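Note that the sequence shown covers residues 7 to 484 in this note's numbering.
In this text, a Cβ means the ideal position worked out from N, Cα and C, and glycines have one as well.
Please read all numbers here as calculations on a predicted model, not as lab measurements.
Here's the structure we're looking at; comments come further down.
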Amino acid sequence: MAAVASHIACCVPSVCVSSGSLEATPTYGSAEIRIPGGAFKFSRLTDCSGQKSRPASSLRIHAVQTSKPELVREANERLQSGEHGVNYHHPDAGKDGYAFFMPTMSLIGVGSLNAAGAQISELGFKKALIVTDKVLLKVGAVDSVIKVLDQIGVQYAIYDGTEPNPTDIQVDEGLALLKKEGCDFIVSFGGGSPHDCAKAIGVLATNGGKIHDYEGLNKTKKSMLPLVAVNTTAGTAAELTRFSIITDTKRHVKMAIIDWRVTPTIAVDDPTLMIGMPKSLTAATGMDALTHAIEAYVSTISNPVTDASALHAMKLIKTYLRDAVNDGKNLKARDMMSYAEFLAGMAFNSASLGYVHAMAHQLGGIYNLPHGVCNAVLLPVVQEFNSSKVPHLFIDIAEAFGYNVGEDEEKAVKTVLAEIRSLSKDVGIPKNLNELGVKPEDFELLADNAMKDACGFTNPRAPTKEEVVELFRKAYEQ
Ligand SMILES: NC(=O)c1ccc[n+]([C@@H]2O[C@H](COP(=O)([O-])OP(=O)(O)OC[C@H]3O[C@@H](n4cnc5c(N)ncnc54)[C@H](O)[C@@H]3O)[C@@H](O)[C@H]2O)c1
Ligand SMILES: [Fe+2]
């Protein structure tokens, strides 16, 4: 081992091999190392004291002599399951590369709402449809955006009919108002519900038809109306994503419209707009963001950019969510949670999600429960299920949560699940689906619909319907 470490310490991280005498020769430019012993890669590096571990993004080790076949075998087994840092676990990724979807401009931090005024002014729009909800209008929160529009001389009409888990009916109402008022762009103001409703209105304004026509992936033919999404929760990240989740009131199913054309033009995340969130909303939306980060990280189509975003989001949420819930006026905590939800959004917008969301959408569709609460309750149960397929990824998640578990996958899984449960408990999330009023007799229907939800397609372990029913049962009883 010493020979390996001393040969390569100058150019790449040192490599620890528990036994065997391997010789290493560094290839400086590509960080490849040739070691006698057969061909294999190390996906995770540990420094020789065994104290630190970290993903290796570019290190490849080619061994050319099989002095320790069990090492080669172990390395190959790891390769097949896919390990972050070296071998991303999405076999088809190489064919067409990756696509990243982001708003044209994202304004973040204290004062960003004011900055949005100048940008809207430059785009030259005449009249906005402000899409929001009755609560935010009643408490005067919408005044902040009205003030900005007044300052730049842009007219507006207000649609305040959006409700949590927005529906196809609300989309039609908003569209009718947009047409009647002759609006040429949309400003959504609120959490995920107004943003999603606004996206759907924007799609129909230019593409025509019913919102149901656009369920699925990239069904639009024309750009939606320009959208400035001013966010007030932290959260869904709907202000930046290419997703719009609309409830079909006939089927009681939340439709996922996933389309690069529903990405807002400008996203605004000003934490001063989030100060007013009550504890329960802060908790639910924060746990939604954590779910985005974890599901994106274990997704079968994650990549180095989404991983970096996801891990940092987890770190910030672990550090600041409790503070944001305990003291809503803590601007630092609000600011960091706003960055966290944005990062988690960047991650899942391209890496997609998993079975937590596939199942949570059904609970939202049938019982109209808060999205973040459903996610929080399902998160540990689904991740425990996933852990048998991608246990190594839990080492990274444990590290993001601030725990050093070394290379112990079992310990990592236990640590992550315990941390999720403790965070949920501390911020006041109900313990199980029983407390949320979910009925066991609906599990079959919920599972049937979850199996069809596009969010589940990138879950690292594909469950059978019986397994999904079992997951609902576990989340009911935990
Ligand atoms: N499009 C996406 O990428 C995406 C991702 C995840 C979730 N979603 C969807 O987003 C919706 C949930 O959005 P949400 O959790 O942000 O909540 P929300 O928009 O449904 O709002 C919930 C409640 O909080 C209130 N509220 C919002 N901001 C507030 C503030 N600053 N202070 C006080 N009250 C405030 C609202 O008036 C409302 O009554 C769900 O329908 C979910 O499916 C969308
Ligand atoms: Fe979500």
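Contact belief for residue i with residue j at Cβ below 8 Å, rounded distance in angstroms
i, j, result
"M457", "V474", "6 Å"
"T173", "T255", "5 Å"
"G196", "T138", "5 Å"
"V177", "D341", "Actually they do not touch by this definition, with Cβ atoms about 32 Å apart."
"P270", "L246", "7 Å"
"D454", "K471", "7 Å"
Residues near residue i in its chain [Cβ-Cβ closer than 7 Å; skip 5 each side]
i, result
"V411", "I401, A404, K417, A418 and T421"
"D329", "N336 and A339"
"L423", "P386, Q389 and E390"
"V444", "L369, Y373 and Y482"
"K205", "M230, L233, S250 and V268"
"D219", "K225"
"L183", "L135, A163 and Y165"
"M111", "Q125 and I272"
"S150", "L119 and L279"
"K228", "T212 and N213"
"N438", "V383, A481, Y482, E483 and Q484"
Where residue i falls, given that 16 or more other Cβ within 10 Å makes a residue buried
i, result
"F284", "Rather than Phe, the amino acid found at residue 284 in this sequence is Pro. Per the 10 Å Cβ criterion, exposed."
"R79", "With a pLDDT of only 44 at R79, under 50, the local geometry of the prediction cannot be trusted, and the value read off the model is given with reservation. Exposed, by the Cβ-count rule."
"G208", "buried"
"G180", "buried"
"L451", "exposed"
"F407", "buried"
"G188", "exposed"
"D166", "buried"
"S393", "buried"
"I175", "exposed"
"D156", "exposed"
"S428", "exposed"
"F106", "exposed"
"R248", "buried"
"T212", "exposed"
"D313", "buried"
"E301", "buried"
"V145", "exposed"
"G462", "buried"
"D102", "exposed"
"D275", "buried"
"K324", "buried"
Same chain, Cβ closer than 6 Å to residue i, neighbours up to 5 away in sequence not counted
i, result
"K171", "Residue 171 is actually Asn in this sequence, not Lys. Within the same chain, N171 has close Cβ partners T253, G370 and N374."
"A319", "A299, A346, L349 and A350"
"G214", "none"
"D291", "First, the amino acid is wrong: residue 291 is Thr here, not Asp. So the list reads T239, A240, G241 and G378, once near-sequence residues are dropped."
"S315", "L349, M352 and A353"
"S199", "T168, P170 and P172"
"N465", "G360 and Y361"
"P469", "none"
"V331", "K285, T288, A289 and V433"
"A382", "M293, S430 and I435"
"Q142", "The sequence shown places Leu at residue 142, not Gln. V148 and G196, listed in sequence order."
"I426", "L385 and P386"
"H367", "K260 and D459"
"A235", "S194, H201, E245, P270 and A273"
"T297", "V362, N381 and L385"
Within-9 Å CB hit, residue i to chain B
i, result
"E425", "Of the chains in the structure shown, none is chain B; there is only one protein chain."
Contact test: residue i Cβ vs ligand 4 heavy atom, cutoff 8 Å
i, result
"L337", "Ligand 4 is absent from the structure shown, which contains only ligand 1 and ligand 2."
Neighbourhood of residue i by C-beta distance below 8 Å, restricted to the same chain and skipping five residues each side
i, result
"V154", "L119, N120, A122, G123 and I126"
"W266", "A105, F107, N224 and R248"
"I281", "G334, K335, L337 and R340"
"I263", "K205, A206, V209, I217, Y220, E221, G222, K225, F249, S250, I251 and I252"
Count Cβ pairs between the segment 344-354 and the segment 432-445 that sit closer than 8 Å; are there 3 or more? no
Is the number of C-beta pairs between the segment 126-136 and the segment 151-161 that are closer than 8 Å three or more? yes
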